[in-house]
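Everything on this sheet refers to the single structure shown next.
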Amino acid sequence: MEIRGGELEKRPRARPTIARRSCDQCRSRKIGCDRASPCSNCVNARVDCTHSAVASNPSTTPKQRHAVTHIGYWVSLTTLRGSEQKIDDIAEGIIGIKLLLERLDLSSITPSTSQGSTSKSPQSLASTCSRRNDAVRASASTSSSWDQSAHIIDLLRSVIDDENLSPATAGPQATGVVSSLRGIVQALESPSPAQSSYTPEDTTVRTRCGTAPPMPPLEAVLDVLRWVRGRESHFRISRIAQVLPLERFADVCRRVYFALDDYNEVDFVLANGYLAYLFAETLLSSGMEASRGHWQMCRKNLHDAVSRLPLLLPASADVIAALTIAAYDAMENANATAASTFISSAARACITLDYHRADTPGRRPRDDATRRERDSLFWSVYTLDKGLSLQLNRPPNIRDADVTLAFDAESLPHTVKLARIQGQAYERLYSSSGLDRPAAERARDAEMLANRLRELIQETHLEMQNAEAQPADANGDPLRLLYLQCALVCHSSLLTLILRAVPVSPASPSGATDECVAVARLTLDVHQQCMTSIRSCETDPQIVNKYISWAILNIPFVPFSVLFTHAVRSLDAEDDLTRLERFATSLQPEIGDAPGDAATHPHRLYRLLCETARLHIQSARQRSGSSQNVDLGNRPADSQAGDETQALNAAFVEGGIPPGFVFDSDGLGDWYYRNHQLMSLLGSDGVY
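First residue of the sequence shown: 995, per the numbering used here; consecutive thereafter.
Shown next, in the form of structure tokens:
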């Protein structure tokens, strides 16, 4: 101490003195200060630049210096602890900001926003992030991703792999179109789990009454239950009542609304799923605006509750009903993958409980009402299972050979009869075993299924005539005619798919029979009439999305594929190409519909396919025109026709298909290979 003190006393006096010490703010923040008045750091931070008074530095004795040394040690220790606390606070703040930024949709932030964000406080940043996260979750719940049929995905692959859509052949515009189609295929084949509305936002399980999400008021529930009485014949109400009768649903509401102890998630799914359908029906039929908020609340509760269901569920009627309602909701949201997951679990539970088997003396229900409820629930699961099997090109969970339950075509609804035709169409025509069968057997089965479907279409026409002739009824279904039109679109589309399995000669431009092409055109015309009626319905803005999900996605919309191939192969089918473009335009979303900028939205997908067809036809016409000018000249028409046939056979040989091959039906199971060969044929240099 003495030596150090002596050295301090001997330091040179010529050293310049510091004009001003650092300001209080810079010293507390441990940053450099330029000692201006005010300093630049305080100016940027918009705080007052202050300087505390500095005590004089008189000559100190050795004891005083020793005391000062100890005091400085404790002050330094206190300052170090304070700095460590500040560092911990800063680290926690950075972690919180990182979590917020990870949930941000950075692609939607404009450059001006990022430049001006430096002046925002952490509170405002957190508020902005919270609002943006809410917006992202809201948009994710409105079908940001649309599951497409398997045959559409394979058709997209064949278009992408077409060598004649290269920039050198079809022009630079083809590059952008093909790139967009490739992005759609990637989005369809690798869906992100975050895009599903059934992915839980909060993993906390809330099953106790005190922590359960809000439910619609009891008065509103009682009103909608009273309103439903006498309207069981409405389409949507009758469909949901087949899953769970109204009397059983009233018991579920009592267990949820008047629960003394905990109620399980299955009851919560049933209550919210059922109420969502009932409130939606009141909104559609009567336009009660209060039902909109209740419908949205129940729908969100349904999604959250379904996401919390365990992987293994007990086999019971309530569990089957809850999974079926969740599958219906997923279908209306164009989420066929989630619907398939739900209905697969429901089908396994049905098989476990032997719902698919006829009654035996040892397992006969106690009363007829229980048997009817059980059978109705099974046929609801059966209907969804067969439809999703054909849409996703997957074997059904319930095989017709295992079902011994009586199939009464007179008493069962049309949806069950349609599902039976769907299941047989997949099993006999488009499954792996069906594709290996001889063409003659498949042709007979296709004609048999087509005749059954024609009878169903005729019954639908009669119901439409009766609906138009009936006088207006206060308790009647105001949308019955609209639902029948949608059913007619589904039936016609399925008929096109069945007729597509009939073998034809290689000379067919589309690879399909003339009847199949005619039915495809008629289906698109019926679709236009149906869309006109749907657009006039102003009570439910989501009705367009529901129609697209059920009529365009659930039933594989083969008419577009058939006419697409026919137009590209014919080169002069301008009417068909115009019809396809009108179909794509009709799917364009309007105000209130789901966002149309989603990568997999049907409007964007079909619009890109129409652009591809235009580019392909223009490129083929140029090649065909130059070839005809050089080779054909003024040769007779018969000679030209013979050359076209020879060129067609040569094109089949070049495409890997032998001459005389009977172009077999393009089924879902073999769609990609057939379409790939067909697109190679379309792009060949032969004249056709």
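All C-beta atoms, glycine included, are put in the ideal place defined by N, C-alpha and C.
Among the options, which residue has its Cα nearest to the Cα of residue i?
i	options	result
H1045	G1026, R1015, A1039, V1037	R1015
Q1616	L1565, W1544, L1450	L1565
R1249	D1312, V1237, R1576, L1303	D1312
L1602	P1304, A1395, H1560, F1554	F1554
C1247	V1263, P1304, S1022, Q1459	V1263
I1345	A1333, F1372, S1425, Y1322	F1372
A1340	P1211, I1319, N1329, M1325	I1319
D1369	L1278, M1282, L1238	L1238
Q1582	R1598, E1568, A1567, T1572	R1598
A1316	A1328, A1330, Q1612, S1301	S1301
L1482	P1465, P1500, E1457, A1501	E1457
D1394	Q1385, N1387, T1377	T1377
A1607	I1154, A1433, R1388, R1023	I1154
L967	L1278, D1018, I1178, R1342	Since the first and last residues shown for the chain are 995 and 1682, residue 967 lies out of range.
Y1322	I1546, T1276, D1379	D1379
D1471	E1275, I1146, A1168	E1275
R1242	E1449, C1027, Y1268	Y1268
E1404	L1547, R1494, E1453	E1453
V1397	R1414, L1384, N1387	R1414
A1330	K1540, S1426, R1230, W1221	K1540
Tell me the residue span of the alpha helix (DSSP H) that contains residue i.
i	result
R1438	1433-1463
N1038	1034-1039
G1267	1259-1280
D1508	1508-1529
D1245	1240-1251
S1425	No alpha helix (DSSP H) holds S1425; DSSP gives it neither H nor E.
M1209	Looking at the DSSP string, M1209 is not in any alpha helix (DSSP H), and its letter there is neither H nor E.
Q1418	1408-1419
L1571	1568-1580
S1232	1229-1237
Residue i by DSSP, collapsed to three states: which one?
i	result
R1014	coil
V1397	coil
V1215	helix
V1496	coil
T1606	helix
N1387	coil
A1284	helix
V1624	Confidence at V1624 is low in this model, with a pLDDT of 37, below 50, so the placement of that residue should be treated as unreliable; the coordinate-derived value is given next. Three-state DSSP puts V1624 in a helix.
D1664	Legend: pLDDT at D1664 = 46, less than 50; position of this residue unreliable, value from coordinates given subsequently. Note: D1664 maps to coil in three-state DSSP.
N1539	helix
Q967	This structure cannot speak to residue 967, because the chain is shown only from 995 to 1682.
I1549	coil
I1345	helix
D1028	coil
S1370	helix
I1178	helix
Q1019	helix
T1331	helix
D1042	coil
A1340	helix
L1473	coil
S1487	helix
T1364	helix
S1405	coil
L1254	coil
Residues in its own chain within less than 6 Å of residue i by CB, not counting five upstream and five downstream?
i	result
A1419	L1443, I1492
A1324	A1332, A1333
H1755	Nothing can be reported for residue 1755: it is not among the residues displayed for the chain, which extend from 995 to 1682.
N1391	S1338, A1341, D1379
S1121	Low per-residue confidence applies at S1121: pLDDT is 43, beneath 50, and the placement is therefore not dependable enough to give any value.
Looking only at its own chain, which residues have a Cβ that is under 7 Å from the Cβ of residue i, when we skip the five neighbours before and after it?
i	result
D1519	none
A1578	H1597, Y1600, R1601, C1604
L1406	W1373
S1527	L1476, Q1479
R1023	none
I1314	A1340, A1343, C1344, L1371, V1375
L1150	L1175, I1178, V1179
Take residue i and list the residues in its own chain whose beta-carbon comes closer than 8 Å to its own, dropping the five residues that flank it on each side.
i	result
S1486	I1451, V1513, L1516, T1517, V1520, P1553
T1507	L1493, V1496, V1498
Can residue i be considered in contact with the ligand SAM, in the sense that its beta carbon sits closer than 7 Å to one or more heavy atoms?
i	result
A1168	The model on display carries no ligand, and the ligand SAM is accordingly not part of it.
Exercise. Could you pull out every unbroken alpha helix (DSSP H) segment of at least 4 residues lying fully inside the stretch 1300-1331, listed in chain order?
Key: 1311-1326
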